[in-house]
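Mapped onto the numbering used here, the consecutive letters of the sequence shown carry residue numbers 2 to 419.
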Amino acid sequence: MNTVLVGLQWGDEGKGKVIDYLCRDSDVIVRFQGGNNAGHTVVIDGKKFVFHLVPSGVLRKGKVCAIGNGVVVDPKVLIEEMESLKKQGVSISARNLKISPFCHIIMPYHKIMDALREKRRMQKIGTTKRGIGPCYVDKVSRCGIRMVDFINEEAFALKLKDNLAEKNPLLEKVYGEKGFSFDSIYSEYRKYAQALKPYICDLTDHFYPLKSKRFLFEGAQGTFLDIDFGTYPFVTSSSVVAGNALLGSGLSFVPVKRILGVAKAYTTRVGEGPFPTELKGDMLNYFQSKGSEFGATTGRPRRCGWLDLVLLKRAVISSNITHLVITKLDILDGLEEIKVCTAYKYRNKTCKQFPTDLSCVEPVYREFKGWSDSCNMARSFKNLPLEARRYINFIEEFLSVKVLFISVGEKREAIFKK
Ligand code: IMP
């Protein structure tokens, strides 16, 4: 069965762990958007594998992993990631890793412009400063450098010159920064191009004859960071919802019946923007320390809050989610009381509908009795404490979508089917 997997909150839902689990029953794993703003860790036998761009399917033998056209690639980061995985004994070659020629390249000027724009902005976004936004801007304004241009010496030189002719005056005159020298970027980036060249593969052509294989489309970030459906402008610059999976991978011929939405048993957010169920004080400290809520990419502490079902309902609709995956349930172990947002208060009225502006609502909570036993060792739904089962059943009923998997810990085996 083909599957799309997306995050239902603001990213960091623990998708990496779920993807690793789903890879067992998939042949091809494709990343379709975002870049190295994403990051996740897979823990196998106590060994940590860190991923930013490479689909974690490379950890399993016989799988083909692909980086789709919708992804923006920082070549230096990708090469470093591949090298570090290889050092850990992971086999990576042109046979199991394919990169679309239509991916756009994140260049050094994108990274600095990301940071400078953020500094200048009156309303900060809190970007990861990885150059994601400026790279997508260039893609849409048709001056971007694609993988196919990157590996072609002449095309790369021409496009780099053209871009520097625009970016250097902008950096110097508007931002008062030093511009970039063509020669130094060119010589450094040519080496990256040569290293990545063997992996470039037209995914559309390559996978068309293989369309009967089992595809897994791996989303990064989360629904409310989506450029259209998220809490704009506090969003990332790509389309995160399931509708982009086929477009961002170039594999429109793959029929998708299963769309999995991953949600944490509570909510987190990194960066700025509205967050109705956000917690402060002791409860924030509790989630940050027990849930290790620090960004995998930037190390920033994540903002934490109770589960927001109004938000999740909207995410379910936005991606036509067929099944849910609930992660980090074990982080709620030991809490006496657990709150869940089931409606919003807006101008003294209670509404269950998702508002167009999330910044002026207050959460309306339903309270649940917590559980003292640990979920961490459970390997089946019936092994969970009664109150944890009630919590999961309530989520299912509220969203009218079945929970397919529950993750209860960092370890690879700490996930089971409901
Ligand atoms: P950008 O994607 O670096 O432009 O950042 C835009 C917003 O998305 C910021 O609030 C980031 O913190 C957030 N963001 C981007 N990628 C991730 C992610 O993988 N997890 C969580 N937040 C992210």
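A virtual CB, placed ideally from N, CA and C, is assigned to each residue, including glycine.
Predicted model, so just to flag it, every value in this text is computed and none were measured.
What would DSSP say about residue i, mapped onto helix, strand or coil?
i, result
"Val257", "coil"
"Val91", "coil"
"Phe395", "helix"
"Pro277", "coil"
"Ile30", "strand"
"Leu60", "helix"
"Ile416", "strand"
"Arg380", "coil"
"Thr205", "helix"
"Phe183", "helix"
"Glu363", "strand"
"Phe295", "strand"
"Pro199", "helix"
"Ser319", "helix"
"Arg390", "helix"
"Ser85", "helix"
"Ser142", "coil"
"Gln289", "helix"
"Ile332", "helix"
"Lys212", "coil"
What does residue i pair with, by DSSP beta-bridge criteria?
i, result
"Glu43", "For clarity, residue 43 is Val in the given sequence; the question names Glu instead. Paired residue(s): Phe50."
"His324", "Leu261, Lys403"
"Ile339", "Phe369"
"Asp309", "Cys342"
"His105", "Val73, Arg147"
"Lys99", "Ala67"
"Glu219", "Leu6, Arg32"
"Cys352", "Tyr345"
"Pro302", "Phe295"
"Thr268", "Gly306"
"Ser250", "In DSSP, Ser250 forms no bridge with anything."
"Ser408", "Ile416"
With a threshold of 7 Å (Cβ to nearest heavy atom), would residue i be considered close to the ligand IMP?
i, result
"Gln89", "no"
"Phe235", "yes"
"Val271", "yes"
"Asp504", "Nothing can be reported for residue 504: it is not among the residues displayed for the chain, which extend from 2 to 419."
"Leu79", "no"
"Glu26", "One point to set straight first is that residue 26 is Asp, not Glu, in the sequence displayed. No, the Cβ of Asp26 stays beyond 7 Å of every heavy atom of the ligand IMP."
"Gln10", "no"
"Leu117", "no"
"Asn38", "yes"
"Thr278", "no"
"Ser238", "yes"
"Ile126", "yes"
"Ile133", "yes"
"Gln222", "yes"
"Asp13", "yes"
"Thr268", "no"
"Thr328", "no"
"Leu226", "yes"
"Thr129", "yes"
Please name the residue in the options whose C-alpha comes closest to that of residue i.
i, options, result
"Met148", "Thr298, Asp331, Ile201", "Ile201"
"Lys62", "Ile396, Val91, Gly35, Lys77", "Val91"
"Leu23", "Asp115, Ser360, Met2", "Met2"
"Ser319", "Val242, Arg380, Arg390", "Val242"
"Gly223", "Lys291, Gly262, Leu285", "Gly262"
"Ile106", "Leu98, Lys125, Gly145", "Gly145"
"Ala166", "Val175, Tyr176, Ala156, Gly180", "Gly180"
"Val29", "Cys352, Val236, Lys64", "Lys64"
"Tyr347", "Gly410, Asp358, Asn169, Asp283", "Asp358"
Residue i: buried (16+ other C-beta within 10 angstroms of its C-beta) or exposed?
i, result
"Met108", "buried"
"Phe254", "exposed"
"Glu14", "buried"
"Pro234", "exposed"
"Arg143", "exposed"
"Asp139", "buried"
"Cys361", "exposed"
"Met114", "buried"
"Asn37", "buried"
"Asn321", "exposed"
"Asp309", "buried"
"Met123", "exposed"
"Asn1", "What is shown of the chain runs 2 to 419, which leaves residue 1 out entirely."
"Ala389", "buried"
"Glu154", "exposed"
"Asp21", "buried"
"Ile45", "exposed"
"Lys418", "exposed"
"Ala246", "buried"
"Leu9", "buried"
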